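Residue numbers (our numbering): 36 to 426. Even glycine gets a Cβ: it sits at the ideal position worked out from N, Cα and C. The model shown is predicted, which means the values in this text are computed figures rather than measured ones.
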């Protein structure tokens, strides 16, 4: 049901909240120190040096994470976030024409929208809110129907801006894009499925980052902005598709990257962990609840991710799925299991530190995402960074 060589069994470590808290503080402190000492966050050898700036791997993601960690109680030293964001904004503008989707404003990679959103939070300058609205509005007609590059990411940003400002224009933008998203779904029975146009390939992808899961997650994040009829269609269609496309065996469930293909991955981007995050925002239904618990069992039995501790295809990302099940079910077993993943992520982080002798200052691929997961395990919260809770 997944490629077992991508994972390994968790080591037996006692949950140690003091160690976890110390690591969270240390990540925040050394991240700020690197900027203070060098005026930059160095690219890590494990990251793509040519990746465009943005929330996923850029300085704006670092600012987002440091702010979230501080609000969650971590000891993060002060730094000039505004200067960092303005520099990132210049970098994004310079890289704009080189991106695969140069006509749109991707939410996680290369976009100006999250940078202006963070600048708005710092200053409440309406010019930054206007810039976010203008950027997101450009995505309504572009064809990429997924979270990282496409309209689902714009919808998440609009929902977050609605919560920050209370302005009606964000709800109107969210609904307009939701209507377009729902209209673009395949006309195939009760389910909701999209042909995802990504990197010049079109396929019915399912994952949280690049497919059905991300679209459902976006709709769920802004469910209070939808009409009852629209939300009803989302719930019915998402449940039908989830049940139809899942592979279930021996009390475990997983999903392939593309509908109809073989299951291979069990990551946040593709597979059960991301689908738990995406579907966890839907109302409780017996069949769906059972399926999500089966997916959680697969995540638990698969264990740690060999690639490393990060959010993206890493142990922390998979651990967030277990936190989501705790949040959804109230069963402390899932919090206990999430904390076991947290302890393994700590060990992975320490091994990576020892090997490279430098921090990995990114949100989705590096230390900051791990710190957010560790903090979430301390607090028992399951909202996934940049998707389910706003900067």
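| Item | Value |
| --- | --- |
| Per-residue burial, residue 115 [other beta carbons within 10 Å of its own, 16 or more giving buried] | exposed |
| Meets three-Cβ-pair contact criterion under 8 angstroms: the stretch 352 to 367 and the stretch 53 to 61 | no |
| Rounded C-alpha distance that separates residue 313 from residue 356 | 9 angstroms |
| Segment limits, alpha helix (DSSP H) that includes residue 377 | 367 to 391 |
| Endpoints, the alpha helix (DSSP H) within which residue 233 is located | Not the alpha helix (DSSP H): residue 233 falls in the beta strand (DSSP E), residues 231 to 233. |
| 3-residue-minimum beta strand (DSSP E) runs that sit fully inside the stretch 278 to 344, ordered along the chain | 282 to 284 and 287 to 289 |
| Start and end residues, alpha helix (DSSP H) containing residue 236 | That residue, residue 236, is in no alpha helix (DSSP H); its beta strand (DSSP E) goes 236 to 238. |
| Residue 151 (DSSP reduced to helix, strand or coil) | helix |
| Any 3 or more C-beta pairs closer than 8 angstroms across the stretch 205 to 213 and the stretch 221 to 232 | no |
| heavy atom of the ligand NAD below 7 angstroms from residue 409 C-beta | Summarising the ligand content, the structure contains no ligands, and the ligand NAD is consequently not present. |
| Residue 91 (DSSP reduced to helix, strand or coil) | coil |
| Residue 197 - DSSP class collapsed to helix/strand/coil | helix |
| Contact under 8 angstroms by Cβ, residue 304 with residue 55 | no |
| Residue 42 - partner residues in DSSP beta bridges | 340 |
| Beta-carbon proximity list for residue 278, same chain, < 7 angstroms, skipping 5 on both sides | 322 and 326 |
| Residue burial classification, residue 37 (beta-carbon count within 10 angstroms, cutoff 16) | buried |
| Enclosing alpha helix (DSSP H) for residue 161 [first to last residue] | 161 to 172 |
| The stretch 173 to 193 / the stretch 245 to 259 touching (three or more Cβ pairs under 8 angstroms) | yes |
| Neighbour-count burial assignment, residue 292, 16 or more Cβ in a 10 Å radius | buried |
| Distance, residue 194 Cα to residue 260 Cα | 8 angstroms |
| Proximal residues to residue 163 (C-beta, below 8 angstroms), its chain only, five neighbours per side dropped | 151, 152, 154 and 155 |
| Coil, strand or helix - residue 52 by DSSP | helix |
| Strand pairing of residue 424, partner residues [DSSP] | 420 |
| Among 239, 399 and 318, the one whose alpha carbon lies nearest that of residue 93 | 399 |
| For residue 117 and residue 158, the rounded distance between their alpha carbons | 9 angstroms |
| Start-to-end residues for the alpha helix (DSSP H) that takes in residue 144 | Taken as a continuous stretch (DSSP letters only), residue 144 belongs to no alpha helix (DSSP H), as it is neither H nor E. |
| CA-to-CA distance, residue 424 to residue 176, given in whole angstroms | 26 angstroms |
| For residue 82, the nearest candidate out of 373, 347, 375 and 407 (CA to CA) | 347 |
| Integer-rounded CB distance, given that residue 126 should sit under 8 angstroms from residue 88 | 5 angstroms |
| Cα-Cα separation between residue 173 and residue 182, rounded to whole angstroms | 15 angstroms |
| Enclosing alpha helix (DSSP H) for residue 364 [first to last residue] | 350 to 364 |
| Nearest-angstrom Cβ-Cβ length linking residue 180 and residue 231, presumed shorter than 8 angstroms | 6 angstroms |
| Residue 333 vs residue 287 beta-carbon contact at 8 angstroms | yes |
| Pairwise C-alpha distance: residue 47 and residue 268 | 44 angstroms |
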